[in-house]
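Top line first, the protein sequences correspond to chains A and B.
With the UniProt record's numbering as the guide, the letters of the first sequence map in order to residues 1 to 294.
With the UniProt record's numbering as the guide, the letters of the second sequence map in order to residues 1 to 238.
This report refers to the structure that appears directly beneath it.
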Amino acid sequence: MQALLEYAIVGGVLYGIFFGLVAVGLNLIFGVMRIINLAHGEFVILGGFGAYWLSTSLGLNPLWGLPLAALGAVVIGFPLYYAVVPGLQRSRDPEMLSFILFFGLAQIIDAIISLGFGPDQRSLPDEALGGGTISVLGQAFPDSWWVAAGVAILAIMGLWLYLTRTRLGFATRAIMANRDEAFATGIAVDRVSAIAFVIGLALAGAAGVFVPYLQGSVAPGIGNNLTTTSFAILIIGSLGNPVGTLFGGLVFGVGSMLMQTFYASWSDLVPYVLLVVIVLLRPQGLFGKAVRNA
Amino acid sequence: MSALLEVDKVEAGYGAVQVLWGCDMVVNKGETVLLLGVNGAGKTTLLRTLVGLQPCRGGAIRLAGEDVTGLGPDARIRRGMAYMSELGVFPTLSIAENLRLGAYGASNAEARRRAEAMYQMFPALAQKRRSAAGSLSGGQRKMLGLAKALMSGAEMIFMDEPSSGLAPVFVTQVIETLKGVIGGGTSLLIAEQNIAFLELADRGYLMDHGKMAVSGTRAELESSDAVRRAYFGVGAEG
Chain A
1 MQALLEYAIV GGVLYGIFFG LVAVGLNLIF GVMRIINLAH GEFVILGGFG AYWLSTSLGL
61 NPLWGLPLAA LGAVVIGFPL YYAVVPGLQR SRDPEMLSFI LFFGLAQIID AIISLGFGPD
121 QRSLPDEALG GGTISVLGQA FPDSWWVAAG VAILAIMGLW LYLTRTRLGF ATRAIMANRD
181 EAFATGIAVD RVSAIAFVIG LALAGAAGVF VPYLQGSVAP GIGNNLTTTS FAILIIGSLG
241 NPVGTLFGGL VFGVGSMLMQ TFYASWSDLV PYVLLVVIVL LRPQGLFGKA VRNA
Chain B
1 MSALLEVDKV EAGYGAVQVL WGCDMVVNKG ETVLLLGVNG AGKTTLLRTL VGLQPCRGGA
61 IRLAGEDVTG LGPDARIRRG MAYMSELGVF PTLSIAENLR LGAYGASNAE ARRRAEAMYQ
121 MFPALAQKRR SAAGSLSGGQ RKMLGLAKAL MSGAEMIFMD EPSSGLAPVF VTQVIETLKG
181 VIGGGTSLLI AEQNIAFLEL ADRGYLMDHG KMAVSGTRAE LESSDAVRRA YFGVGAEG
């Protein structure tokens, strides 16, 4: 019993830190653009297939998927932002239109992945990220889980430093706080938002590199679930604060692992139940206060 | 004196509602101009149009002779405008971060130098530079808003209702602070419904229903019947 509990907690922490990375890009993009990127999960999967392609076709270590995700985010993100946002801003109901637009984009990405890689589940060799295990409290987890958690923490801390130590980061938070005041201050709102959009996509793609390890495999069509889970984590952790998202990921990760260990058939409900409970009891998120002072 | 800001028959509005009807205005270099008018007269819309937050539907806006009518707010602010909105600050950002963004186009070193000058001018802000702007009192927030606008180094500063939401004693404090800014070469255009600000002004305009109803020097406005009717008859609003 105690071993099971320890297994669930250690695994939940690793899983949760990873999911903090999965969700943090959605948080950043929502905070800056006030739109839910419904294609978020698809960008995560793109990262996963990028790593798969590097590994199987080029024989490279899947970790090369991280710089590939950053490069891909720049190549896709800037044109996408400038193609989509001016049209959204001119429309009468930008929020509804953005839902439809990004929903459509998600379908397109799914279809392209299916065309390129087929509908099958794809996994990556464990040896590429070490192949052994690391134990804490006597509970062994694959090296890949530890690598994923380590990369997730570095990426989230990097984002936090960007937001709290640089002029562009201040400007990003200023846009989150009040877009109109940001314009009135002379901030190049479109340029700063486009950069935030690209960073959000890069973080999603970087998380995707580890999806084949943490989820067992990557396949077209699982993006939907990742988007919903990310949304739940973002609500738990509260908006605008990457550290809050990490915390939301931990709540989700430990909750999921406990359920999988003790009531496996119910575990898929965890993100949705958390989402509903948080929205009803504490709509500002568990970390809400920290955001105001961030 | 030479004109810094020239506003030529400016028209603006929201959707089907036209708010500004051919507004003319001049602000000279180093001058302080008061834009008076009751709530809904169009003062905020005019300032927002001047700085580029609201599209100009007709007429022209020139800064130091250059037509800026087609430029966005960031481009106008780079050319030497600054705008202190009624909100004035980013409540979730620290005082130091607010000031840094006030000098958005400046280098880090230059922004640091200007921030130190602001901390000398507003010692209360210096003690709280790491605190969130939202934790400041209403009067201190206006000081930060002013400091943030001054950080830009702009020649032409627009201020929207610096007295809004403040108790009378803090309104006096804001007026005293502005006296310290005036004469430093910066041109100020202050939109207010509070007639007390007239003591700061070289000249003023009275806006009514989106048009310039009266304009003149401070003395002329003080003796104007229209201003009397709008203000002294019903008592000054705060």
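From the three backbone atoms N, C-alpha and C, an ideal C-beta is built for every residue, glycine too.
Owing to the predicted nature of the structure, the values given are computational and were not obtained by experimental measurement.
Closer than 7 Å to chain B by CB, residue i
i: G186(A); result: yes
i: F197(A); result: no
i: F30(A); result: no
i: E42(A); result: no
i: E6(A); result: no
i: E181(A); result: yes
i: T177(A); result: Strictly speaking, residue 177(A) in this sequence is Ala, with Thr absent from that position. For A177(A), the answer is yes, since a Cβ of chain B falls inside 7 Å of its Cβ.
i: L286(A); result: no
i: A3(A); result: no
Distance between beta carbons of residue j and residue i, contact taken as under 8 Å
i: L34(B); j: E192(B); result: 6 Å
i: V27(B); j: L4(B); result: 6 Å
i: A41(B); j: M207(B); result: 4 Å
i: F78(A); j: V198(A); result: 6 Å
i: residue 259(B); j: V7(B); result: One cannot answer for residue 259(B) here, as it falls past the ends of chain B, which runs 1 to 238.
i: G65(A); j: G50(A); result: 5 Å
i: S85(B); j: A184(A); result: 5 Å
i: L198(B); j: T32(B); result: The pair is not a contact, with the Cβ atoms about 10 Å apart (cut-off 8 Å).
i: D160(B); j: L47(B); result: 5 Å
i: I175(A); j: V192(A); result: 6 Å
i: A133(B); j: L150(B); result: That pair is no contact at about 15 Å.
i: L203(A); j: V84(A); result: L203(A) to V84(A), Cβ: 19 Å. No contact.
i: W145(A); j: Y213(A); result: 7 Å
Neighbouring residues, chain B, relative to residue i (Cβ below 9 Å)
i: residue 295(A); result: Because chain A here runs from 1 to 294, residue 295(A) falls outside it and cannot be looked at.
i: F78(A); result: Simply none; closest approach about 18 Å.
7 Å Cβ cutoff, residue i in contact with chain A
i: Y119(B); result: no
i: L5(B); result: no
i: G238(B); result: Residue placement at G238(B) cannot be trusted, given a pLDDT of 40 that sits under 50; the coordinates are not used to answer.
i: R130(B); result: no
i: F122(B); result: no
i: P73(B); result: yes
i: F197(B); result: no
i: S85(B); result: yes
i: L188(B); result: no
i: L93(B); result: yes
i: E66(B); result: no
i: E97(B); result: yes
Under 8 Å by beta carbon: chain A residues contacting residue i
i: G105(B); result: G186
i: S2(B); result: Going along chain A, no residue has its Cβ under 8 Å from S2(B), so there is no contact; the nearest lies around 24 Å.
i: R78(B); result: G186
7 Å Cβ cut-off: residues of chain A touching residue i
i: I182(B); result: Going along chain A, no residue has its Cβ under 7 Å from I182(B), so there is no contact; the nearest lies around 22 Å.
i: A102(B); result: Per the sequence presented here, residue 102(B) reads as Gly, with Ala not at that position. Per Cβ cutoff of 7 Å: T185.
Under 9 Å by beta carbon: chain A residues contacting residue i
i: E192(B); result: Neighbours of E192(B) on chain A: none; closest Cβ ~18 Å, over 9 Å.
Starting from the N-terminal side, write out each stretch of the beta strand (DSSP E) that is 3 residues or longer and does not extend beyond the region 191-236 of chain B.
Restricting attention to beta strand (DSSP E) runs no shorter than 3 residues, the region 191-236 of chain B encloses them at 203-208 and 211-217, ordered along the chain.
Residues, ordered as in the chain, of the region 161-174 of chain A that lie near chain B by beta-carbon distance below 7 Å:
Cβ contacts with chain B come from R167, F170, A171, R173 and A174.
Extract the residue ranges of the beta strand (DSSP E) inside the region 93-178 of chain A, only unbroken runs of 3 or more that lie entirely within it.
The qualifying runs are 133-136 and 139-142.
At 3 residues or longer, what runs of the beta strand (DSSP E) sit wholly inside the region 168-233 of chain A?
Runs found: none.
If you measure beta-carbon to beta-carbon, which residues of the region 146-176 of chain B are closer than 8 Å to chain A?
For the region 146-176 of chain B, which is checked against every Cβ of chain A, the residues closer than 8 Å are K148 and S152.
Using a Cβ cut-off of 9 Å, which residues of the region 40-64 of chain B contact any Cβ in chain A, in chain order?
When CB distances to chain A are screened at a threshold of 9 Å, the residues of the region 40-64 of chain B falling below it are R48, V51, G52 and L53, in chain order.
Only counting runs of 3 or more residues, tell me where the beta strand (DSSP E) segments fall wholly within the region 150-181 of chain B, in order along the chain.
Those beta strand (DSSP E) runs which fall completely within the region 150-181 of chain B and span 3+ residues are 156-160.
Mind pulling the beta strand (DSSP E) runs of 3 or more residues that sit fully within the region 87-152 of chain B?
Within the region 87-152 of chain B, no complete beta strand (DSSP E) run reaches 3 residues.
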